[in-house]
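Novice: Quick one: the structure is below, and I'll ask about it shortly.
In my numbering, the protein residues as written are 7 to 635.
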């Protein structure tokens with residue numbers, strides 16, 4: 007299954023005609039969707055529904071996260087209307103017209119992910135995505151999905167009212183006390199958000215709180231909502247056999263008394279001897295909280311406000327709850343650029359809770375991390391963008407860009423794919439020669455839980471970022487699974503250049519980079535000699551830069567030892583881009599043409615010929631000697 011469709015699983019694809027089923031089959035093949043068709047259709051790898059489609063959809067509605075219909079929009083609306091509850095529960099619904107020209111987001115565009123799924127499907131099909139949400143028109147992320155990439159939890163508030171204020175372009179005050187601010191740096195130039203405090207804010211039409219605090223808003227002077235980043239680590243110490251109910255009640259009580267949102271809880275932390283404590287394990291499983299455990303040695307080394315000699319005698323450390331909470335809140339092995347704590351992260355010192363109705367006792371303390379726990383499994387999408395023209399970029403690569411939370415690449419390549427970017431994406435461009443920094447940043451974000459597209463021109467695995475990313479992962483002890491990796495190939499510079507001049511690569515060929523930044527020139531020279539001697543058609547990458555001019559001269563001299571001076575050579579600069587330049591010349595004369603790092607040089611073999619401004623290397627179909635006639 008493709009990584010980019012993972013978050014929409016399980017997917018149901020519905021068609022009632024042969025043409026509609028054919029449109030949906032590609033999604034079923036790559037995205038593991040279940041294709042449902044009526045008894046009258048005979049379609050391979052599909053499931054048959056009997057009776058009316060309306061009754062069938064009602065039966066399976068609760069079993070799928072996403073629905074993709076190839077059906078008239080009116081029919082889909084009538085079928086799903088009785089099943090709709092609210093946008094926080096409804097599945098994503100997308101319609102593809104039978105001609106394959108449009109992909110339309112119909113239901114649950116934000117929280118269900120229908121708008122994102124529509125963009126992905128449209129890119130795969132070469133169709134036009136139809137998005138009717140107000141935030142899409144304003145090039146803004148949806149307010150109700152703003153924190154999803156970072157694992158934030160939606161809190162209380164007037165979500166409809168705040169969304170309406172954004173849609174009207176009215177001033178919306180944002181007070182962010184916790185969580186990543188990355189989203190703030192990737193908004194369009196004209197946006198409605200104001201990021202200063204209440205005291206300095208001009209009159210606002212709505213307000214967004216991003217905090218671990220629970221604000222009990224009783225009267226709405228203006229519409230307000232709350233996002234809760236998961237920054238609270240709850241340290242727990244308990245007697246053996248303490249019930250899940252007692253631990254849960256203790257945490258609820260401590261949060262309520264300190265105005266902390268339970269939705270802001272990242273997880274539970276304790277001493278390692280409690281790793282199998284039944285009540286803790288059951289609670290963490292039920293709430294989907296990670297349970298982090300620490301050895302007595304680690305806990306003992308941390309300074310806490312309320313150490314206990316009794317606890318130390320019992321378990322080997324003077325603190326469990328407070329120390330474990332601090333340890334969890336300051337451990338950032340999976341976080342990008344973890345901040346150095348500026349203050350003591352412990353915000354609630356230990357409190358002991360007992361109940362006459364429940365067995366055992368629990369000690370609870372809470373620490374606040376400076377970076378949130380996303381609870382997501384990250385992905386690295388290594389994307390080859392091709393030569394630069396979007397028409398030359400594969401649909402799969404385009405859909406990977408549409409699906410990513412973050413897009414990272416060399417500045418020029420980011421500019422070339424700008425039309426594919428969507429509102430809310432984190433887009434980071436770094437200058438040339440910062441390839442390793444790009445790789446490390448991408449891996450850090452993926453380890454944190456984001457889906458990250460790393461773009462390379464041409465093919466990501468040919469002089470691109472794929473090799474460096476995998477090397478960096480290996481150096482970091484990657485297990486091969488987390489973060490998940492998928493490579494999306496692209497048309498290489500060599501292929502693009504060849505297509506602009508004819509068919510020079512019809513026989514055996516090779517590619518050699520003349521850049522000696524990472525490879526010693528002595529090694530490059532040996533490869534050039536071998537290629538020239540073996541009569542390979544040869545593509546020269548990185549032929550010349552401002553500070554590196556002699557290598558191309560030397561390469562020509564090597565080839566002249568083994569090839570005729572009239573051997574055809576193609577010089578292609580910026581293939582398929584606006585400033586494309588193409589020259590057909592010879593091995594003897596090609597240095598007379600301006601050549602730089604955006605140029606690919608194709609040197610023919612002994613049988614390569616030019617004809618009517620085209621370059622051809624015969625494969626031999628018309629006879630072995632035809633090339634010389």
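For each residue, glycine too, the CB sits at the ideal point set by N, CA and C.
Predicted, not measured: the structure shown is a model, and the values here were computed from it.
Going straight from the alpha carbon of residue 8 to that of residue 14, what length do you get?
Specialist: Cα to Cα, the separation comes out at about 11 Å.
Novice: Could you name the residues that DSSP lists as bridge partners for residue 682?
Specialist: This structure does not reach residue 682, given that the chain is present from 7 up to 635, and the question cannot be answered.
Novice: Considering just the uninterrupted stretch of the beta strand (DSSP E) at residue 239, what are its terminal residues?
Specialist: Segment 238-244, the beta strand (DSSP E) holding residue 239.
Novice: Quick one: is residue 106 near chain E, going by C-beta distance under 8 Å?
Specialist: Here chain E cannot be found, since the structure has a single protein chain.
Novice: Is DSSP giving residue 141 helix, strand or coil here?
Specialist: In this structure, residue 141 counts as helix in the three-state DSSP scheme.
Novice: Smallest Cα separation from residue 557: which of 404, 602, 403, 388?
Specialist: Closest option to residue 557, Cα to Cα, is 602.
Novice: Give the single residue among 234, 213, 382 whose Cα lies nearest to the Cα of residue 294.
Specialist: The shortest Cα separation from residue 294 among 234, 213, 382 belongs to 382.
Novice: Cβ atoms of residue 579 and residue 605: under 8 Å apart, would you say?
Specialist: For residue 605 and residue 579, yes; Cβs fall inside 8 Å.
Novice: Between the stretch 35-47 and the stretch 102-122, do at least 3 Cβ pairs fall closer than 8 Å?
Specialist: In short, these stretches do not touch, since the Cβ pair count stays below three.
Novice: Would you mind reading off the limits of the alpha helix (DSSP H) that contains residue 356?
Specialist: No alpha helix (DSSP H) contains residue 356, which is instead part of the beta strand (DSSP E) from 352-360.
Novice: Could you tell me if residue 307 is buried or exposed, where buried requires 16 or more neighbouring beta carbons within 10 angstroms of its beta carbon?
Specialist: Residue 307 is exposed by the Cβ-count criterion.
Novice: Would you mind reading off the limits of the beta strand (DSSP E) that contains residue 543?
Specialist: Its beta strand (DSSP E) spans residues 543-547.
Novice: Could you tell me which of 112, 227, 125, 202 sits nearest to residue 167, measuring between CA atoms?
Specialist: Comparing Cα positions, the closest option is 227.
Novice: According to the neighbour-count rule (16 or more other Cβ atoms, all chains shown, within 10 Å of its Cβ), is residue 577 buried or exposed?
Specialist: Answer is buried; the Cβ neighbour count reaches 16.
Novice: Look at the Cβ atom of residue 238, then the Cβ atom of residue 274, and state whether they are nearer than 8 Å.
Specialist: Cβ distance not < 8 Å, so residue 238 and residue 274 don't count as in contact.
Novice: Buried or exposed: residue 399, going by 16 or more other Cβ atoms within 10 Å of its Cβ?
Specialist: Residue 399 should be labelled buried.
Novice: Mind checking which residues open and close the alpha helix (DSSP H) that includes residue 290?
Specialist: Per DSSP, residue 290 belongs to the alpha helix (DSSP H) from 284-293.
Novice: Measuring alpha carbon to alpha carbon, tell me which of 475, 432, 512 ends up nearest residue 441.
Specialist: Ranking 475, 432, 512 by Cα distance to residue 441 puts 475 first.
Novice: So, using beta-carbon positions, are residue 96 and residue 72 closer together than 8 Å?
Specialist: Taking 8 Å as the Cβ cut-off, residue 96 and residue 72 do not qualify as a contacting pair.
Novice: Which one of 394, 350, 123 has the shortest CA to CA distance from residue 497?
Specialist: When only C-alpha atoms are compared, the closest one is 394.
Novice: Please state whether DSSP places residue 336 in a helix, a strand or coil.
Specialist: Residue 336 falls in the coil class under three-state DSSP.
Novice: What number of angstroms, rounded off, separates the C-alpha of residue 92 from the C-alpha of residue 35?
Specialist: Approximately 31 Å, taken between the alpha carbons.
Novice: With residue 428 as the anchor, note down where its alpha helix (DSSP H) starts and where it stops.
Specialist: Looking at the DSSP string, residue 428 is not in any alpha helix (DSSP H), and its letter there is neither H nor E.
Novice: What is the residue span of the beta strand (DSSP E) that residue 273 lies within?
Specialist: Its beta strand (DSSP E) spans residues 271-277.
Novice: Under the three-state reduction of DSSP, which class applies to residue 480: helix, strand or coil?
Specialist: The answer is helix: DSSP assigns residue 480 an H, G or I state.
Novice: Quick check on DSSP: helix, strand or coil for residue 416?
Specialist: If DSSP states are grouped into helix, strand and coil, residue 416 belongs with the strands.
Novice: Rounding to the nearest angstrom, what Cα-Cα distance links residue 320 and residue 332 in this structure?
Specialist: Cα to Cα, residue 320 sits roughly 20 Å from residue 332.
Novice: At 4 residues or longer, and completely inside the stretch 14-72: list those alpha helix (DSSP H) runs for me, N to C.
Specialist: Complete alpha helix (DSSP H) runs here, min 4: 24-37, 59-66.
Novice: Identify every residue that forms a DSSP beta bridge with residue 256.
Specialist: Note: residue 256 sits in no beta bridge, so no partner.
Novice: Where does residue 398 fall in DSSP's three states?
Specialist: Residue 398 falls in the helix class under three-state DSSP.
Novice: In the DSSP output, what is residue 494 paired with across the bridge?
Specialist: Its beta-bridge partners are 389.
Novice: Just to confirm, does residue 244 get its C-beta within under 7 Å of one of the non-hydrogen atoms of the ligand COA?
Specialist: Inclusion of the ligand COA in the displayed structure is not the case, the ligand content being empty and no account of it being possible.
Novice: On the CB-based measure, 16 or more other CB atoms within 10 Å of its CB, does residue 76 come out buried or exposed?
Specialist: By the neighbour-count rule (16 or more Cβ atoms within 10 Å), residue 76 is buried.
Novice: Are at least three pairs of beta-carbons, each pair with one atom in the stretch 179-198 and one in the stretch 114-126, less than 8 Å apart?
Specialist: No, they do not touch.
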